[in-house]
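When we follow this note's numbering, the leftmost residue of the sequence shown carries the number 6, and every step to the right adds one.
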Amino acid sequence: MKIILAATPATGHLDPLLGIGRLLVEQGHEVLLYSGSAFRERAETIGARFEPLPAGADFDLRDPDACFPARAGLTGPEIIEFDFRHIFTDPLPQQYAGLKKLLAAFPADIVITEQLFLGALPLIFEGGADRPVVIGCGITFLSLDRSDGLPHGLGLDYAADADVRAHLQQTLLPEVMAALAPIQSMYEDAARATGVEPKGSPIGAMARYADIFWQGGVPEIEFPLGDVPEHLAFVGRWPAAPSAAPPPAWADDLDGRRTVVLVTQGTVANADLDQLVLPTIRALAGRDDLLVLGTTGRRPLPLAPSALPANARLETYLPFDWLMPKVDILVTNGGYGTVLMGLAEGAPVIIAGASEDKPDIAARIGWAKAGINLRTGTPSEASLAEAVDRVLVDAEIKASVARIARSIETHDATAIILDAIDRIAAARQGKERTRAA
């Protein structure tokens, strides 16, 4: 079959689709990636064709502040509104127009898209029996309505207590909904510009209205939800995206004699490594029982290797598919893909998340007892050292992480994905036979 992968041009949005794409290419399907020009080489590496987004939507979001200088320095609601306007909603009409043009030249049976590639939503909303099947991928926390009635986006803990829940709903919800109203309006205006009537919210519409929705992760790391549609399936860990990076020169240091701590600020919120990476290295310096590994997310090293503590290693990039099975503790600002990889390998997670979706991911990790939510993006060295010491001995966290790792193992993404593709292929063949008759 012909399959289009459509993704916002950012590494965290693209990696799950590249893993899926590689799997589908290996199964003999004709796959085309529709995303930013900066990712052409990665598409071709998995054997997929490539089509760039239209010029007005063709960003390189590996460094969003360089792409949008006005974004630098924004925090809290301001950065959320900025990102939704410039990265997600403003490009929607151009993404959709390019997708329709692409479908005319490459008549795909299936479009697989991540949840924030909003240009695929009009394809769903316009309907039509001959449109391709649209499959959404949940690349962050599941954004359906929480059963406690509280909103996403603020990193709020789950309110299990009825009195607390009622108080928050009365005092917080009206203010939050007013703050989110401009984002909803942006989304609706952008969708209507394509000639369709929008449904849902920009963060939750794909999960609710796609023909099929694959949610990365497992139920154990999600807050209790209200209505979950039948077309939604948890898939555990995404198929691995290709990585050509070799192991580092010090790979033999991972000999099992020391507890391995990995600290990362991911590929977006990593402009200031003094927020998490360097404080963690300093906090754990001199610990002979620990080997501390850090990555800058491809940014230049902030100091020479000779200036690092003896128990620390710092690289611009580390191949996580090779490394994560060797990691005992993950310290992160909360990128969802990295968190999933760590949990799948049984590593408790210490999260210091303050931007994008990271506070919400941190809240879920704390609720699931899968690690520690530090509730700040700039933790002190003392709090980092204390958190590491705690996860080394906390029996409840260890048991929760082991349970989550087992659940991830039972959610076989490869089997789930291929089964869905096979069912779509069979249905398409049935329609073709009916037409021929």
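Just so it is clear, CB atoms sit at the ideal spot from N, CA and C, and this is done for glycine as well.
Tell me, to the nearest whole angstrom, how far the beta carbon of residue i is from that of residue j; I am working on the premise that it is less than 8 angstroms.
{"i": "L104", "j": "G124", "result": "6 angstroms"}
{"i": "L10", "j": "I117", "result": "5 angstroms"}
{"i": "P314", "j": "T50", "result": "Not confirmed; about 36 angstroms, so no contact."}
{"i": "D141", "j": "A212", "result": "Reading off the sequence, residue 141 comes out as Gly, not Asp. Yes, G141 and A212 are in contact; Cβ-Cβ is about 6 angstroms, under 8 angstroms."}
{"i": "V406", "j": "G351", "result": "6 angstroms"}
{"i": "M6", "j": "D135", "result": "Actually they are not in contact, since the Cβ atoms of M6 and D135 sit about 15 angstroms apart, beyond 8 angstroms."}
{"i": "V344", "j": "L298", "result": "With 8 angstroms as the limit, V344 and L298 do not qualify as a contact, their Cβ atoms being about 16 angstroms apart."}
{"i": "I25", "j": "F89", "result": "Not quite, the Cβ-Cβ distance comes to about 25 angstroms (not below 8 angstroms), so this is no contact."}
{"i": "I355", "j": "L379", "result": "7 angstroms"}
{"i": "I413", "j": "V233", "result": "The Cβ separation is near 18 angstroms, so there is no contact."}
{"i": "A312", "j": "E386", "result": "That belief does not hold up - the Cβ atoms of A312 and E386 are roughly 17 angstroms apart, past 8 angstroms."}
{"i": "L147", "j": "E227", "result": "5 angstroms"}
Which of helix, strand or coil does DSSP assign to residue i?
{"i": "L79", "result": "coil"}
{"i": "T16", "result": "helix"}
{"i": "A442", "result": "Bear in mind that a pLDDT of 48 at A442, under 50, signals an unreliable position, so the number given afterwards is only what the model happens to contain. In the structure shown, A442 sits in coil (DSSP, three-state: anything other than H, G, I, E or B)."}
{"i": "T343", "result": "helix"}
{"i": "F228", "result": "coil"}
{"i": "I51", "result": "coil"}
{"i": "A125", "result": "helix"}
{"i": "A373", "result": "coil"}
{"i": "S388", "result": "helix"}
{"i": "I217", "result": "strand"}
{"i": "Y39", "result": "strand"}
{"i": "R136", "result": "coil"}
{"i": "E278", "result": "Before going further, note that residue 278 is Leu rather than Glu in the sequence given. Three-state result, L278: coil."}
{"i": "K403", "result": "helix"}
{"i": "F239", "result": "strand"}
{"i": "E350", "result": "coil"}
{"i": "R170", "result": "helix"}
{"i": "K331", "result": "helix"}
{"i": "E131", "result": "coil"}
{"i": "V30", "result": "helix"}
{"i": "T118", "result": "strand"}
{"i": "L319", "result": "strand"}
{"i": "T269", "result": "strand"}
{"i": "I9", "result": "strand"}
{"i": "I144", "result": "coil"}
{"i": "R151", "result": "strand"}
{"i": "E86", "result": "helix"}
{"i": "L423", "result": "helix"}
{"i": "E56", "result": "strand"}
{"i": "V297", "result": "strand"}
{"i": "I356", "result": "strand"}
Counting C-beta neighbours from all protein chains within 10 Å, is the total for residue i 16 or more, i.e. buried, or is it exposed?
{"i": "A77", "result": "exposed"}
{"i": "R151", "result": "buried"}
{"i": "T439", "result": "Its pLDDT being 48, under 50, T439 is placed unreliably by the model, and nothing is read from it."}
{"i": "V398", "result": "exposed"}
{"i": "M191", "result": "buried"}
{"i": "P229", "result": "exposed"}
{"i": "W255", "result": "exposed"}
{"i": "P203", "result": "buried"}
{"i": "G33", "result": "exposed"}
{"i": "V139", "result": "buried"}
{"i": "H172", "result": "exposed"}
{"i": "R47", "result": "buried"}
{"i": "A359", "result": "buried"}
Hey, residue i and residue j: beta-carbon distance below 8 angstroms or not?
{"i": "Y214", "j": "G205", "result": "yes"}
{"i": "A418", "j": "V240", "result": "yes"}
{"i": "L267", "j": "L335", "result": "yes"}
{"i": "P137", "j": "P252", "result": "no"}
{"i": "L58", "j": "Q100", "result": "yes"}
{"i": "F55", "j": "R45", "result": "yes"}
{"i": "F122", "j": "A12", "result": "yes"}
{"i": "E131", "j": "V201", "result": "yes"}
{"i": "A357", "j": "A410", "result": "no"}
{"i": "D20", "j": "G342", "result": "yes"}
{"i": "L281", "j": "N338", "result": "yes"}
{"i": "P82", "j": "A184", "result": "yes"}
{"i": "E225", "j": "A373", "result": "yes"}
{"i": "A53", "j": "L38", "result": "yes"}
{"i": "T94", "j": "A210", "result": "no"}
{"i": "G17", "j": "G340", "result": "yes"}
{"i": "A250", "j": "I421", "result": "no"}
{"i": "I208", "j": "H236", "result": "no"}
{"i": "L452", "j": "D258", "result": "There is no way to answer for residue 452, as the model of the chain reaches only from 6 to 442."}
{"i": "M451", "j": "R242", "result": "The question about residue 451 has no answer here: the residues shown for the chain are numbered 6 through 442."}
{"i": "L28", "j": "P244", "result": "yes"}
{"i": "E31", "j": "I8", "result": "no"}
{"i": "P384", "j": "P284", "result": "yes"}
Sufficient close CB pairs (3 or more, under 8 angstroms) joining the segment 365-381 to the segment 293-307: no
Cβ contact check for the segment 156-166 and the segment 52-64: 3 or more pairs under 8 angstroms: no
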